[in-house]
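Residue numbers (the numbering used here), protein chains in the order written: chain A, 64 to 351; chain B, 171 to 453.
See below for the structure under consideration.
Laid out in structure tokens, this is it:
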């Protein structure tokens with residue numbers, strides 16, 4: 064009963080006036096419209112501007128299909144590898160205290176602060192024709208640069224932190240009581256892992272996989288350096304877009320780009336759904 | 171008491187199986203995928219010898235590229251510090267139709283492949299694009315100039331400040347604000363003297379992350395930049411060009427310089443976070 068006057072009174076000093084509020088919201092909207100929505104709309108506008116036929120023709124030409132296949136293949140290799148490594152990383156870091164643990168955390172995050180171009184460059188210096196292992200690879204007829212292995216390696220580098228980064232804070236927040244209980248009750252280590260550890264963090268794992276996959280399919284800089292950009296052969300979808308764009312084939316470039324933009328939108332929708340539906344489960348990993 | 175609990179937990183943690191296996195997998199992958207290749211970079215750059223390193227690092231073209239990359243990234247981080255704070259504020263404090271959508275859309279630059287962002291920005295800001303024509307009418311040339319580089323960098327680093335500030339703003343209790351208001355502070359004074367200092371560390375962290383991302387950005391920039399040497403050529407592009415000319419040493423030295431600066435920034439962010447956690451108990 065005494066709360067009513069208390070709530071009514073400080074309103075003037077506790078928030079901004081209506082006018083200021085509208086102005087701030089309007090300013091934020093305009094900034095986002097200018098920098099986010101307009102470019103996104105431009106992708107679809109440019110893709111469909113010359114009609115559906117041109118759009119479909121851009122997507123179904125053999126080089127485009129080969130780029131789509133390569134992109135899917137690279138993601139199908141890189142994402143599972145990084146899921147396994149990410150789970151191992153999270154288990155080691157979140158479940159144990161050991162000497163050098165903090166250094167390890169920073170090293171796992173390291174690829175985020177390295178330019179994608181440098182991520183590609185390091186592999187060229189290792190496996191390129193004049194690289195440290197170049198002559199040996201050539202003598203043994205092993206292709207890494209300008210071929211699938213190089214593209215996969217560069218993708219692994221840039222997507223390395225995604226899964227671990229989502230899992231570590233979540234595992235730390237959950238604690239290890241459930242796992243200890245399972246062990247005490249006689250579960251084998253692997254049974255504990257499959258029935259307790261993994262299901263406990265499944266939503267943040269899915270979240271990490273989602274981000275990892277989006278980056279793996281969309282990576283440009285690192286892949287551009289190691290792939291040699293051979294049309295129809297080592298060009299992933301982002302590289303194919305660049306090739307088409309530089310040939311002034313805007314319609315086809317934006318057609319392929321619209322697929323990747325669609326992937327980005329689906330990723331965002333799935334991410335938002337996960338955050339909304341499993342807020343408690345993922346909240347732990349949002350403070351990283 | 172708490173130390174005793176800590177110790178017991180520590181021991182209990184050790185009961186869990188799989189330490190050797192998980193650490194082994196992590197260290198192997200980390201070494202093969204990240205550390206060994208980076209070591210190759212350091213080795214290659216170092217093998218050039220001090221005189222050549224100095225010559226490459228101080229050549230006018232390298233300096234111009236580094237100045238553009240770091241300068242444009244700095245301005246992009248500043249722009250995003252202001253507008254990121256504004257967006258985070260609006261998202262946390264006000265309710266309005268479409269708030270959820272805006273909240274989700276902030277992450278678009280993370281999800282959108284950089285090449286797609288690049289050609290989209292080039293289409294929008296080209297002289298015949300929707301905004302480019304508008305800017306041209308005002309006498310500004312955006313695409314194919316350093317201004318275009320800046321706009322691309324603002325785009326790619328947009329989410330960092332919002333996502334750093336948002337949780338802190340959400341958790342900041344209303345008590346202090348109410349106290350300030352009850353003690354007679356004007357709203358403006360409350361905002362600048364009570365709220366902003368509390369979120370300053372998060373703001374700085376976000377801006378630093380945005381800066382670090384923008385410095386290394388390549389895909390979204392090259393389409394809009396025009397890539398004129400000495401004018402709108404960013405450092406990552408210079409590395410690509412040197413590689414295409416088989417100048418491995420030159421590429422390695424420029425890469426090494428960028429890496430050194432980025433790592434310094436990373437350490438700075440970590441120190442900043444540790445400091446603010448000690449001082450303020452959050453972030």
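Just so you know, even glycine gets a beta-carbon here, dropped at the ideal spot from N, CA and C.
The beta carbon of residue 308 of chain A sits closer than 8 Å to some beta carbon of chain B.
Counting other Cβ atoms within 10 Å of its Cβ, residue 145 of chain A reaches 16 or more and is therefore classed as buried. Within chain B, 281 have C-beta atoms less than 7 Å from the C-beta of residue 330 of chain A, given in sequence order. Annotation: the continuous alpha helix (DSSP H) that includes residue 132 of chain A extends over 125-158.
Contacts between residue 425 of chain B and chain A, judged by CB atoms closer than 7 Å, involve 181, 184 in chain order. As for any alpha helix (DSSP H) of minimum length 4 sitting wholly inside the stretch 201-264 of chain B, the runs are 206-216, 220-227, 230-263, ordered along the chain. Annotation: residue 246 of chain B to residue 81 of chain A spans about 30 Å, alpha carbon to alpha carbon. Taking a 10 Å sphere around the C-beta of residue 336 of chain B, we find 16 or more other C-beta atoms and assign the residue as buried. A contact is defined here as three or more CB-CB pairs under 8 Å, and the stretch 228-241 of chain B fails this definition with respect to the stretch 180-196 of chain A. Taking every protein chain shown into account, the CB of residue 247 of chain A has fewer than 16 other CB atoms within 10 angstroms, so this residue is exposed.
In this structure, B:314 is the residue among B:242, B:199, B:280, B:314 with its C-alpha nearest to the C-alpha of residue 294 of chain B. For the pair residue 196 of chain A and residue 187 of chain A, the Cα-to-Cα distance works out to about 10 Å. At least 8 Å separates the beta-carbon of residue 320 of chain A from that of residue 117 of chain A. Within a 10 Å sphere around the beta-carbon of residue 312 of chain A sit fewer than 16 other beta-carbons, which makes this residue exposed. Here residue 281 of chain A really is in contact with residue 323 of chain A; their C-beta atoms are around 6 Å apart, less than 8 Å. Scanning B:298, B:302, B:194 for the CA closest to the CA of residue 151 of chain A turns up B:194. For residue 192 of chain A, the secondary structure class from DSSP, reduced to helix, strand or coil, is coil. Taking C-beta separations shorter than 8 Å and ignoring five residues to either side along the sequence, the partners of residue 283 of chain A in its chain run 179, 301, 302, 305, following chain order. A contact between stretches requires three or more CB pairs, one per stretch, nearer than 8 Å, and the stretch 388-407 of chain B fails this requirement with the stretch 329-346 of chain B.
Of all C-beta pairs linking the stretch 88-99 of chain A to the stretch 322-330 of chain B, three or more are shorter than 8 Å, placing the two stretches in contact.
Three or more beta-carbon pairs separated by less than 8 Å are not found between the stretch 280-287 of chain B and the stretch 404-420 of chain B, which leaves the two stretches without contact. Membership of residue 320 of chain B in the alpha helix (DSSP H) is indicated by the continuous run 316-326. Within 8 Å of the CB of residue 208 of chain A, no CB atom of chain B is found; the nearest one sits about 11 Å away. Non-local beta-carbon contacts of residue 276 of chain A in its own chain, meaning distances under 8 Å to residues more than five positions away in sequence, involve 138, 142, 330 in chain order. Taking a 10 Å sphere around the C-beta of residue 89 of chain A, we find fewer than 16 other C-beta atoms and assign the residue as exposed. A buried status is given to residue 375 of chain B, since no fewer than 16 other beta-carbon atoms sit within 10 Å of its beta-carbon. Under the Cβ criterion of 8 Å, residue 393 of chain B is counted among the residues facing chain A.
Here the C-alpha atom of residue 256 of chain B lies approximately 25 Å from the C-alpha atom of residue 354 of chain B. Here residue 255 of chain A is buried. Its C-beta has 16 or more other C-beta atoms within 10 Å.
Inclusion of residue 184 of chain A and residue 411 of chain B in the CB contact set at 8 Å is not warranted, their separation being larger than that value. Judged by beta-carbon spacing, residue 237 of chain A lies within the 8 Å limit of residue 263 of chain A, meaning their Cβ atoms are closer than that value. A buried status is given to residue 158 of chain A, since no fewer than 16 other beta-carbon atoms sit within 10 Å of its beta-carbon. When 8 Å is used as the limit between beta carbons, residue 440 of chain B is near these residues of chain A: 169, in chain order.
Scanning B:214, B:254, B:393 for the CA closest to the CA of residue 310 of chain A turns up B:393. For residue 187 of chain A, the residues of chain B that pass the 7 Å Cβ criterion are 413, in the order they occur in the chain. Here residue 232 of chain B is buried, its C-beta having at least 16 other C-beta atoms within 10 Å.
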